[in-house]
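Numbering (the numbering used here), first residue to last: 399 to 770.
No residue lacks a Cβ here, since even glycine has one placed at the ideal position from N, Cα and C.
Written out below as structure tokens is the structure these notes cover.
Written out as structure tokens, the structure reads:
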């Protein structure tokens, strides 16, 4: 049975961490035990300007190199950071998948342990795989997908790196009129944390959107909207959409040209509908929801709970077009492949609110406004 208190408690795992402008390197790893040395990725050590060795990005199944032109050389680290000896080096995985490696002794969301994700770089340029029983990348719960119903081109959903520096480096590209599975962690993921996403405007590439930016453009960490998702042990998936507090502070007088909403194929299993943001109806930092609230920086958000392993969609649409029904192609995109495979899928944007007993009821939706 759905419990509102449990939903509110789950929001604690869905809140985006405070955005920082500095990217500290993980300190020297002092634990006395590590996992197995990854012999398949042992590389000739490369000296850095400070004399330390660097570790090359490996080619294990599912791993995706990001922002390869920087010093990070494919690792999910800031572009001016190299994967050097004594560091944990996080990495991205294909859409719908999660990183399966992290420091097994870092079990809570506290600094600096929250930085210890990925593989460990040894002094000889080899890599250590800390959790030998885990895959490098593994499938998430598969209960949330992103739908692109907007007319402005592809949309970059950019997931933050955690454990890691929480930069939005992990790309999921959602093509025009298509659908893509998002990575949804369960409680087996690191410290039972949720996945967090920045939703870029249509037409912004993953190269531009999936990295720290600046206030000159409303994308990257200045994107208008953020989202989050995770699943508990009872099969409840918590899906959140909301305003990005940095966008509200910087671009508060400018309405985005696109909106975002949560929909469910089986609305009888979803609590919290309607949950939407349509800039043609709402002002900046307003949401349409019966249970909207505010979080970090005073930014408003709403949450939908999909019960009993039910699925939900985060749909992006043109402002003023939130009530349309769109037909999309579900695309399985694999990095490096020439063409994605497609299968027919219909995403409906019409939503009604359900009571906790799953009977349809009429509810007065409210627009939530909270000053940032």
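- Bridge pairing for residue 461: 491 [DSSP].
- If you draw a 10 Å sphere on the C-beta of residue 654, you find 16 or more other C-beta atoms in it, and that means buried.
- Under the 10 Å beta carbon count, residue 472 is surrounded by 16 or more other beta carbons and is classified as buried.
- Residue 536 sits in a strand when the DSSP states are folded into three classes.
- Residue 607 and residue 664 have their C-alpha atoms spaced approximately 32 Å apart.
- Distance between residue 481 and residue 547, taken at the CA atoms: about 38 Å.
- Straight-line spacing of the CA atoms in residue 517 and residue 487 works out to 5 Å.
- The beta carbon of residue 507 is closer than 7 Å to those of 589, 591 in its chain, skipping five residues each way along the sequence.
- In the assembly as shown, residue 676 is a buried residue. Its beta-carbon has 16 or more other beta-carbons within 10 Å.
- Nearest C-alpha to residue 478 among 578, 620, 467: 467.
- Excluding five sequence positions before and after residue 649, the CB atoms of its chain that fall closer than 6 Å to its own CB belong to 616, given in chain order.
- With 16 or more other Cβ atoms from the protein chains shown falling within 10 Å of its own Cβ, residue 636 counts as buried.
- If you draw a straight line from the Cα of residue 542 to the Cα of residue 581, it is about 8 Å long.
- Here the region 527-540 does not lie against the region 562-574, with fewer than 3 beta-carbon pairs under 8 Å apart.
- Unbroken alpha helix (DSSP H) runs of no fewer than 4 residues, entirely contained in the region 561-614, are found at 604-607, following chain order.
- Of the candidates 509, 596, 642, 562, the residue whose Cα lies closest to the Cα of residue 476 is 562.
- For residue 544, the secondary structure class from DSSP, reduced to helix, strand or coil, is strand.
- The alpha carbon of residue 709 has as its nearest neighbour, out of 662, 666, 695, 485, the alpha carbon of 662.
- Annotated three-state conformation of residue 557 is strand, per DSSP.
- If you look at residue 455, you'll find it isn't in any alpha helix (DSSP H); DSSP assigns it neither H nor E.
- Nearest Cα to residue 551 within the set 698, 683, 656, 623: 656.
- Taking 8 Å as the cut-off, the Cβ atoms of residue 672 and residue 686 count as close.
- In the same chain as residue 509, and ignoring 5 residues on each side of it, no C-beta atom comes closer than 6 Å to its own.
- When the five nearest sequence neighbours on each side are left out, the beta carbons in the same chain lying within less than 6 Å of the beta carbon of residue 549 are those of 716, in order along the chain.
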